[in-house]
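Novice: My questions all concern the structure below.
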Amino acid sequence: MPIEELNVNDTLQLKDNSIVVIDNKIIFPTFVEVYNLEIEDNENYYVTEEGILVHNGYISERQGEIIDRSELNKPTKRGNAPTFKSDGTAVEIHHRGQNPEGPFDEMHWKNHRGAGNDAINHPQKSCPSKIDRKTFKAQKLEYWREVYDNWD
């Protein structure tokens with residue numbers, strides 16, 4: 001849950017399972033970029049001396065259209081895209097509206113880049129892309145890790 005959605009008097013569960021009430025909220029208008037942060041095997045962890053449980057993930061913020069998992073094979077390894085049972089091709093991620101921040105739609109390549117669909121999904125193809133491919137590569141890796149971790 002983003003900090004903006006937490007309010008004074010909301011409750012949080014601590015590491016020892018006790019409950020605390022938020023008595024104050026201060027948002028500092030500064031951002032610090034963190035690269036390559038990965039909590040191995042678990043995206044949930046505790047922070048601060050009080051041991052507040054947090055989740056390191058953004059899939060819900062970026063996730064757009066998803067493909068029914070019954071149509072897909074589970075990824076062979078964490079970070080890989082699942083494949084379609086019908087033809088074995090990997091699921092592709094599309095930036096809806098060509099917006100670098102998403103949402104990300106899961107698509108079959110034919111629906112993403114196939115005959116007639118490439119122009120529909122990428123109407124600004126003749127313009128310079130706003131999407132930083134290095135950043136997107138990292139975002140896709142994290143997206144597919146989240147999918148793998150939450151498959152069942």
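In terms of full-length UniProt numbering, the sequence shown has 75 at position 75, counting the first letter as 1, and numbering is strictly consecutive. The C-beta atom is built at its ideal place from N, Cα and C for all residues, glycine as well.
1) What does the alpha-carbon distance come out to for the pair W109 and V21?
2) Enumerate, from N- to C-terminal direction, the unbroken beta strand (DSSP E) stretches of 3 or more residues contained entirely within the segment 77 to 143.
3) Looking at the structure shown, is V8 part of a helix, part of a strand, or coil, going by DSSP?
4) Do you know how far the Cα of E92 is from the Cα of I120?
5) Residues in the same chain with beta-carbon distance under 6 Å from T11, minus the five sequence neighbours each way, listed in chain order, please.
6) When the distance is taken between beta carbons, is P82 closer than 9 Å to V147?
7) Within the same chain, show all residues whose beta-carbon is closer than 6 Å to that of I66, passing over the 5 residues directly before and after it, in chain order.
8) For I22, report the span of its beta strand (DSSP E) as first-last.
9) Let's test the definition: count the other Cβ atoms within 10 Å of the Cβ of Q139 and tell me whether it reaches 16, buried, or not, exposed.
10) Expressed to the nearest angstrom, what Euclidean distance is found between the alpha-carbon atoms of D23 and N17?
Specialist: Concretely, from the data shown:
1) 48 Å
2) 92 to 95, 104 to 107
3) coil
4) 16 Å
5) I19, V21
6) yes
7) E106
8) From DSSP, I22 is part of no beta strand (DSSP E); its letter is neither H nor E.
9) buried
10) 18 Å
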